[in-house]
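In the numbering used here, the protein residues as written are 5 to 341. For every residue, glycine included, the Cβ atom is placed at its ideal position computed from N, Cα and C. Down below is the structure, laid out as structure tokens.
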Ligand SMILES: [Fe+2]
């Protein structure tokens, strides 16, 4: 055992590097990584809120829940700098890219099956248990923080990301080092929310670095004029051709359009309001990735849990991207359940 390793009551160990307590936002005061970039303060910029919690099963008061929900549903990022994901001594060997099969971007757990990984059956079973434990803890955390969400919470894919966040040779559309909101071309969601829980488990002290952009409505006002209207037969045709798994709504069309418009615009990437946020190892953070403009600049070794929530689960549905886009366009963009 290294001197500063932190032993958790349930037998897991947060390594010395992971156990670093503290949080730094150098760019909040010093600006983004590119020094020639002039950043304009944005009144709608996503707020970063720090939660001083160190357990995956926290007890929170109604007032705290209301405060956290307002921040999260307004497009904020909730940061828990003292909440790390503990690994066993045996599991720490998985902090190595050699466990990736080299084809998929991430190692992921969808249901009971682990994908994108390689190793012996025994190793893969242990890796599956590790990723599944993160899924349980992350989902439990969300249910504890937001009791209203609990009955609606749909746990989707869990990913373990051993590869560096940037540097892969991908097209501009798939380049997540560019500011974007999450939108999926083949999986229309009709306004259902995409909540994500992340945890940096880097064993070498390396931060996960994001750029967080302007607020959703400001972004939409700026970029929506560039997004073409959906054609009348488009949704039916895409579904019939199996491009989409279900019929794409106009909401999905606009979200994809905003995703692409932001990523395709080099000047938006450099000149729009943004701030750099550094998530140190041992930090967990939560955000609605369909609402927060985000870009993964650097970092390696991270866990991520995706959770889907229907609009009716929200504390303040009128803050959702669907409600914002319907307000801005003056049209109904998705059928309600
Ligand atoms: Fe993303």
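(Q) On the DSSP letters alone, give me the boundaries of the alpha helix (DSSP H) that residue 238 sits inside. (A) Where residue 238 is concerned, the enclosing alpha helix (DSSP H) stretches over 238–244.
(Q) Quick check on residue 331: does DSSP put it in helix, strand or coil? (A) Of the three classes helix, strand and coil, the one that applies to residue 331 here is helix, per DSSP.
Q: For residue 180, verify whether its CB is less than 7 Å away from any heavy atom of ligand 1.
A: Relative to ligand 1, residue 180 has its C-beta within less than 7 Å of a heavy atom.
Q) Are the region 156–169 and the region 216–228 touching by the rule of at least three beta carbon pairs closer than 8 Å? A) The answer is no - the region 216–228 does not touch the region 156–169, with fewer than three Cβ pairs under 8 Å.
Q: Could you tell me which residues DSSP pairs with residue 312 in its beta bridges?
A: Paired residue(s): 158 and 198.
**Q.** CB contact check: residue 119 to chain B, cutoff 8 Å
**A.** The structure shown has no chain B; it contains just one protein chain.
(Q) Can you tell me whether residue 293 sits near ligand 1, meaning its C-beta is under 7 Å from at least one heavy atom of the ligand? (A) Because some heavy atom of ligand 1 lies under 7 Å away, the Cβ of residue 293 counts as near it: yes.
Q: Using DSSP bridges, identify the partner residues of residue 306.
A: Paired residue(s): 165 and 204.
Q: Measure the C-alpha to C-alpha separation of residue 316 and residue 139 and round it to an integer number of angstroms.
A: Taking the straight line joining both Cα atoms gives about 23 Å.
Q: Could you check which residue in 182, 290, 206 and 249 has the C-alpha nearest to that of residue 267?
A: Shortest Cα-Cα distance from residue 267 to any of 182, 290, 206 and 249 involves 182.
Q. Would you say the region 205–215 touches the region 281–294, given that touching needs at least three Cβ pairs under 8 Å?
A. The region 205–215 vs the region 281–294: in contact.
Q. CA-CA distance, residue 271 and residue 205?
A. For the pair residue 271 and residue 205, the Cα-to-Cα distance works out to about 33 Å.
Q: Output the distance between the C-alpha atoms of residue 198 and residue 134, rounded to the nearest integer angstrom.
A: Residue 198 and residue 134 have their C-alpha atoms spaced approximately 23 Å apart.
Q.
Less than 8 Å between the beta carbons of residue 252 and residue 166, yes or no?
A. Result no, Cβ atoms of residue 252 and residue 166 do not sit closer than 8 Å.
Q.
So for residue 272, helix, strand or coil by DSSP?
A. Of the three classes helix, strand and coil, the one that applies to residue 272 here is helix, per DSSP.
Q) Does the beta-carbon distance from residue 185 to residue 104 come in below 8 Å? A) No. Outside cutoff.
Q.
Across the region 301–317 and the region 166–175, are there enough close Cβ pairs to call them in contact, namely three or more that are closer than 8 Å?
A. Contact between the region 301–317 and the region 166–175 is present, because at least three Cβ pairs lie under 8 Å.
(Q) Distance check for residue 60 and residue 3, CA to CA, integer angstroms please. (A) Not covered by the structure: residue 3. The range shown for the chain is 5 to 341.
Q: Say yes only if the C-beta of residue 167 is nearer than 7 Å to one or more non-hydrogen atoms of ligand 1, and no if none qualify.
A: Remark: the shortest separation between the CB of residue 167 and any heavy atom of ligand 1 does not fall under 7 Å.
Q) Any heavy atom of ligand 1 closer than 7 Å to the Cβ of residue 312? A) Result no, Cβ not under 7 Å from ligand 1.
Q: For residue 103, name the three-state secondary structure that DSSP assigns.
A: If DSSP states are grouped into helix, strand and coil, residue 103 belongs with the helices.
Q. Between residue 58 and ligand 1, is the CB less than 7 Å from at least one heavy atom?
A. Distances from the CB of residue 58 to the heavy atoms of ligand 1 are all 7 Å or more.
**Q.** Identity of the residue in 196, 164, 259 and 279 nearest residue 101 by Cα
**A.** Nearest C-alpha to residue 101: 164.
Q) Are there 16 or more other CB atoms within 10 angstroms of the CB of residue 320, so buried, or fewer, so exposed? A) By the 10 Å Cβ count, residue 320 comes out exposed.
Q: Enumerate in chain order the residues of its own chain whose CB-to-CB distance from residue 123 is below 8 Å, with the five nearest sequence positions on each side excluded.
A: For residue 123, where only same-chain residues beyond five positions count, the Cβ hits under 8 Å are 103 and 131.
(Q) Quick check on residue 108: does DSSP put it in helix, strand or coil? (A) Note: residue 108 maps to coil in three-state DSSP.
Q.
Quick check on residue 261: does DSSP put it in helix, strand or coil?
A. Helix, per DSSP.
Q: Give every residue of the same chain whose Cβ lies closer than 6 Å to the Cβ of residue 143, excluding the five residues on either side of it in the sequence, and list them in chain order.
A: For residue 143, where only same-chain residues beyond five positions count, the Cβ hits under 6 Å are 159.
(Q) Do residue 254 and residue 338 count as a contact pair if the criterion is CB distance below 8 Å? (A) For the 8 Å CB-CB criterion, residue 338 and residue 254 form a contact.
Q: Would you mind reading off the limits of the beta strand (DSSP E) that contains residue 288?
A: Segment 288–292, the beta strand (DSSP E) holding residue 288.
Q: Please say whether residue 265 and residue 232 have beta carbons closer to each other than 8 Å?
A: No.
Q.
Taking the alpha-carbon of residue 78 as reference, which of 318, 151, 335 and 331 has the nearest alpha-carbon?
A. Looking at the Cα atoms, 318 is the closest of the given residues.
(Q) Alpha carbons only, please: which of 234, 242 and 201 is nearest the one belonging to residue 257? (A) That would be 234, whose Cα lies nearest to the Cα of residue 257.
Q | Cβ shell of residue 172 (< 8 Å), same chain only, five flanking positions each side left out | A | Once the five neighbours on either side are set aside, the close Cβ partners of residue 172 are 109.
Q. So which of 154, 86 and 90 has the shortest CA-CA distance to residue 307?
A. The shortest C-alpha to C-alpha distance from residue 307 to any of 154, 86 and 90 is the one to 90.
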